[in-house]
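This note's numbering puts the sequence shown at residues 40 to 316. Worksheet for the structure shown next.
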Amino acid sequence: MDDLIDPDELAAALATPHPPVLLDVRWSLTGPPGVQQYAEGHLPGAVFVDLDRDLAGRPGARGRHPLPDPGPLQDAMRRWGISAGTPVVVYDAADSTSAARAWWVLRWAGHQPVRVLDGGLGAWLRSGRPVVDEVPTPPAGDVSVRPGDMPTLDAAGAADVARTGLLLDARSPQRYRGEQEPVDPVAGHVPGARNAPTTGNVDATGRFLPPEQLHERFGVLGASDGVSTGAYCGSGVTAAHEVLALRLAGVPAALYVGSWSEWVRDPDRPVATGDQP
Numbered sequence: 040m041d042d043l044i045d046p047d048e049l050a051a052a053l054a055t056p057h058p059p060v061l062l063d064v065r066w067s068l069t070g071p072p073g074v075q076q077y078a079e080g081h082l083p084g085a086v087f088v089d090l091d092r093d094l095a096g097r098p099g100a101r102g103r104h105p106l107p108d109p110g111p112l113q114d115a116m117r118r119w120g121i122s123a124g125t126p127v128v129v130y131d132a133a134d135s136t137s138a139a140r141a142w143w144v145l146r147w148a149g150h151q152p153v154r155v156l157d158g159g160l161g162a163w164l165r166s167g168r169p170v171v172d173e174v175p176t177p178p179a180g181d182v183s184v185r186p187g188d189m190p191t192l193d194a195a196g197a198a199d200v201a202r203t204g205l206l207l208d209a210r211s212p213q214r215y216r217g218e219q220e221p222v223d224p225v226a227g228h229v230p231g232a233r234n235a236p237t238t239g240n241v242d243a244t245g246r247f248l249p250p251e252q253l254h255e256r257f258g259v260l261g262a263s264d265g266v267s268t269g270a271y272c273g274s275g276v277t278a279a280h281e282v283l284a285l286r287l288a289g290v291p292a293a294l295y296v297g298s299w300s301e302w303v304r305d306p307d308r309p310v311a312t313g314d315q316p
C-alpha cells in the first residue's frame with residue numbers, strides 16, 4: 040500500500056543511497072510530551088516533529104489544532120530535510136494516530152511521497168531493530184508548500200455532509216454520546232454524524248486492519264460510491280487517522296479540521312447527544 044510501510048520495507052529503504060526522511064511524531068493529548076520519549080530513543084536518523092507547534096496553527100476560533108500557516112510549515116519541512124520529491128516516512132508510538140496527522144498535513148501541503156510506518160515504533164522494536172538517542176542535523180531541504188491537496192470541511196460543510204452524506208465522528212463512544220468531555224466545554228456530537236472510533240481501525244498491536252475489513256467497517260456505517268464522506272474528532276488529529284483508514288478502504292473523505300473544538304465555539308450550532316446520529 041502506498042500510504043503505509045512496514046519495518047522490513049523501511050529498513051531496506053534506509054539502507055539505500057537516498058533514504059527517506061524519517062519524522063517522529065509521537066504525541067498525546069494527556070502527555071508525556073513526545074519530545075521526552077524521542078530523547079529516550081527513536082529510529083536512527085529520525086527528526087522529532089512537535090504536533091502542536093509544527094502541524095497546527097495557534098488554537099483559537101478555528102479550533103485547538105487548526106491548519107498551520109503555509110510559511111511556517113514550509114520552514115519546518117525544510118528544516119526536517121524535505122525537498123521536492125523527497126520520500127518521507129512518519130511514525131508514532133504504535134497506532135498511527137498522530138502520525139496520520141503528519142501524513143495528512145504533508146499531503147495537504149502538496150508533498151505526496153509520504154507514508155506511515157504501520158504499527159509505529161512498537162512494530163519497529165518487535166522486528167528486532169534498534170533505536171538511538173543521537174539527534175540528527177539533516178541538510179536543509181527546499182520543498183515548496185502548496186496547500187490544498189487534501190479536501191477539507193468547515194463547520195457549514197460538515198453540517199451539510201452530516202445531512203446529505205456520511206460524517207464520521209472518530210472520538211470514543213462516551214464523548215460521542217455526550218457522557219463525558221475531557222477537553223471541550225460542551226459534550227455531544229454534530230447532529231447527523233455517526234460514531235466510528237479510530238480504535239476500530241487498527242488491531243491490538245496498532246497496525247491498520249486489512250483494506251477489505253476497513254471497507255466492510257465503513258460500508259456498514261453507510262460509506263459507498265457517490266456518498267460524500269467526511270470525518271471529525273475533537274480537534275482534527277484522530278480524524279486524520281480516520282481519513283487515512285477510509286483511504287485504505289477505498290473511500291475518499293474530507294477532514295473537518297476544526298472538528299468539535301471549533302463546532303462548539305458557536306452557541307448557535309446544534310448539539311446532539313445519545314447513541315443516535
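Glycine included, every Cβ here is placed at the ideal spot set by N, Cα and C.
In terms of residue numbering, what span does the alpha helix (DSSP H) encompassing G217 cover? Counting along the chain, G217 falls outside any alpha helix (DSSP H), and DSSP gives it neither H nor E.
State the beta-bridge partners of G227 as determined by DSSP. Its beta-bridge partners do not exist; DSSP assigns none.
Within-9 Å CB hit, V303 to chain B: Among the chains of the structure shown, chain B does not appear; only one protein chain is present.
What does the alpha-carbon distance come out to for the pair L260 and N240? 13 Å
Write down the C-beta distance between V127 and A138 rounded to the nearest angstrom, noting that I regard them as a contact closer than 8 Å. Wrong, their Cβ atoms sit about 11 Å apart, outside the cutoff.
Let me know the secondary structure DSSP gives A293 once reduced to three states. If DSSP states are grouped into helix, strand and coil, A293 belongs with the strands.
Simplified DSSP state of V282, which is helix, strand or coil: helix
Since A270 is in the beta strand (DSSP E), which residue starts that stretch and which ends it? Segment 268-271, the beta strand (DSSP E) holding A270.
Taking 9 Å as the threshold (C-beta atoms), are A115 and H104 in contact? no
Going by CA-CA distance only, name the one from Q219, Y271, D208, L61 that's closest to L82. L61
Going by the CB atoms, is the gap between A292 and E301 shorter than 9 Å? no
How is V303 classed by DSSP in three states: helix, strand or coil? coil
Provide the residue span of the alpha helix (DSSP H) that contains V127, from first to last. Run containing V127: none in the alpha helix (DSSP H); it sits in the beta strand (DSSP E), 127-130.
In angstroms with no decimal places, state the Cα-to-Cα distance between V310 and W299. 10 Å
L43 to L145, Cα distance in whole Å? 14 Å
Count the C-beta pairs between the stretch 105-114 and the stretch 55-69 that are closer than 8 Å, then say yes if the count reaches three, no if not. no
Let me check understanding here. Comparing Cα to Cα, which of A279, Q151, A78 lies closest to D172? A78
Excluding the five sequence neighbours on either side, which residues of its own chain have a C-beta within less than 7 Å of the C-beta of S274, listed in chain order? G102, R103, H104, S298, S300
Using alpha carbons as the reference points, say which of A235, A148, V200, D242 lies closest to G158. D242
Which whole runs of the alpha helix (DSSP H) in the stretch 56-121 are 4 residues long or more, in chain order? 73-79, 90-93, 109-118
Counterpart residues of D208 in DSSP-defined beta bridges: Note: D208 sits in a beta bridge opposite N234, Y271.
Residues of its chain near V290, where Cβ-Cβ distance is below 7 Å and the 5 sequence neighbours each way are ignored: F257, A262, T268
At the level of alpha carbons, what is the spacing between V200 and A54? 45 Å
Report the partner residues of T176 according to the DSSP bridge assignment. T176 pairs with nothing; no bridge assigned.
Might you give, ordered along the chain, the residues of its own chain that have their beta carbon closer than 8 Å to the beta carbon of W143, omitting 5 neighbours on each side? M189, A279, V282, L283, L294
Own chain partners of D131 with C-beta closer than 6 Å, once the 5 adjacent residues on each side are dropped: The residues V64, R65, S137, A138, G159, in chain order, have a CB closer than 6 Å to that of D131 in the same chain once the five nearest residues on each side in sequence are set aside.
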